[in-house]
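Quick note: the sequence shown uses numbering that gives the first Met the number 0, first residue 0, plus one each step.
Backbone N, C-alpha and C define an ideal beta-carbon position, used for all residues, glycine too.
Read the structure below first, then the notes.
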Amino acid sequence: MNIKGLVLKEFGRIKSDKRTLILIFAIPLILIIIFGLTSGGGPRQFFSAAVITRDDIPTYGTFPSNSSQYDDDFISVFQGNLSQFGLNSWYNTTTIKQYNDVHNKCLSLLKNEIIDVFIVLPENFSETIENNNDTHIMYFIDGSDAQSVNAIELAMLEPISTFRISIGKTANFTILTPYLEFEVPFWYSQVLNYAISLTIPL
Numbered sequence: 000m001n002i003k004g005l006v007l008k009e010f011g012r013i014k015s016d017k018r019t020l021i022l023i024f025a026i027p028l029i030l031i032i033i034f035g036l037t038s039g040g041g042p043r044q045f046f047s048a049a050v051i052t053r054d055d056i057p058t059y060g061t062f063p064s065n066s067s068q069y070d071d072d073f074i075s076v077f078q079g080n081l082s083q084f085g086l087n088s089w090y091n092t093t094t095i096k097q098y099n100d101v102h103n104k105c106l107s108l109l110k111n112e113i114i115d116v117f118i119v120l121p122e123n124f125s126e127t128i129e130n131n132n133d134t135h136i137m138y139f140i141d142g143s144d145a146q147s148v149n150a151i152e153l154a155m156l157e158p159i160s161t162f163r164i165s166i167g168k169t170a171n172f173t174i175l176t177p178y179l180e181f182e183v184p185f186w187y188s189q190v191l192n193y194a195i196s197l198t199i200p201l
């Protein structure tokens, strides 16, 4: 019997067995869905953010103009229709005491998981943009969960890129990201797993 005859015979047997026919098509579809969800192809996460601006604090020396328009532009980006971010609250601080109080409040919101990230705009934010100097922003996230850290860092590219394009500043833009750990650090469980694996054989 030639190969063609064997193929036709097996194909005929499969067509007559409905359960086998269903499994042939169902299993690949199920695997595609499972692998898609586990590899990041599932629905996007949505994050809540707060913004603290210090741009209205008077600056001297290098930046005597005391401009403060671009912090409003930055906040308006988060108030817009971002695909992965919503603005929980924003705060305009004009003194060091105000900033410290608001910073502690945002730390509490972050710790209690009311927000996922808060961004701090420095006191010379608008001036550095106007003078085309290096502009710094800082955002704080909870570094206890490695998966959430990666997701937020990736999601932050959208609002920052949107803002930079809107003001025409494609260079001299620095982002600082301190990792705060309110829970057990994500690496601790990994170390513990390896430690258990090493001690069990002993």
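Sub-9 Å separation of residue i and residue j beta-carbons
i    : j   : result
I166 : D72 : yes
Proximal residues to residue i (C-beta, below 7 Å), its chain only, five neighbours per side dropped
i    : result
N171 : N131, N132, D133 and T134
T93  : D55 and I56
Endpoints, alpha helix (DSSP H) assigned at residue i
i    : result
S147 : A145 to A154
T134 : Premise fails: T134 lies in the beta strand (DSSP E), T134 to D141, not in any alpha helix (DSSP H).
I128 : F124 to E129
I74  : Y69 to Q78
I51  : Unbroken run through I51 is the beta strand (DSSP E), F46 to T52; no alpha helix (DSSP H).
L108 : I95 to K110
Supposed close pair residue i, residue j - CB separation, criterion 8 Å
i    : j    : result
Q83  : F45  : 6 Å
I51  : V119 : 5 Å
I56  : E122 : 4 Å
K168 : I128 : 6 Å
Rounded separation between residue i and residue j - CA only
i    : j    : result
F10  : N1   : 15 Å
K96  : L108 : 19 Å
L106 : L86  : 16 Å
L81  : P27  : 35 Å
Y69  : P158 : 14 Å
I151 : N103 : 21 Å
G41  : M155 : Annotation note: pLDDT 48 at G41 (below 50); position unreliable, no value reported.
L191 : V76  : Any reading at L191 must be qualified, since the residue scores a pLDDT of 43, below 50, and its modelled position is unreliable; the value itself is stated next. Rounded to whole angstroms, L191 to V76 spans 42 Å at the Cα level.
K110 : D54  : 25 Å
V148 : N91  : 26 Å
D100 : S88  : 15 Å
I21  : L153 : 39 Å
T176 : I33  : 33 Å
T19  : I29  : 15 Å
T58  : Y98  : 15 Å
K8   : S15  : 11 Å
T198 : I164 : Low confidence applies here, because T198 scores a pLDDT of 40, under 50, leaving its location unreliable; read the following figure in that light. Straight-line Cα distance between these residues: approximately 54 Å.
I31  : E126 : 51 Å
R12  : A25  : 18 Å
K17  : K3   : 22 Å
Contacts around residue i, its chain only, beta-carbon distance under 6 Å, and the 5 residues preceding and following it disregarded
i    : result
V116 : A48, Y138, I140 and I151
F162 : F73 and V76
Own chain, CB closer than 8 Å to residue i, minus 5 neighbours either side, in chain order
i    : result
S160 : none
Q78  : L86
Limits of the unbroken beta strand (DSSP E) element including residue i
i    : result
S88  : F84 to N91
T173 : F172 to L175
I118 : V116 to L120
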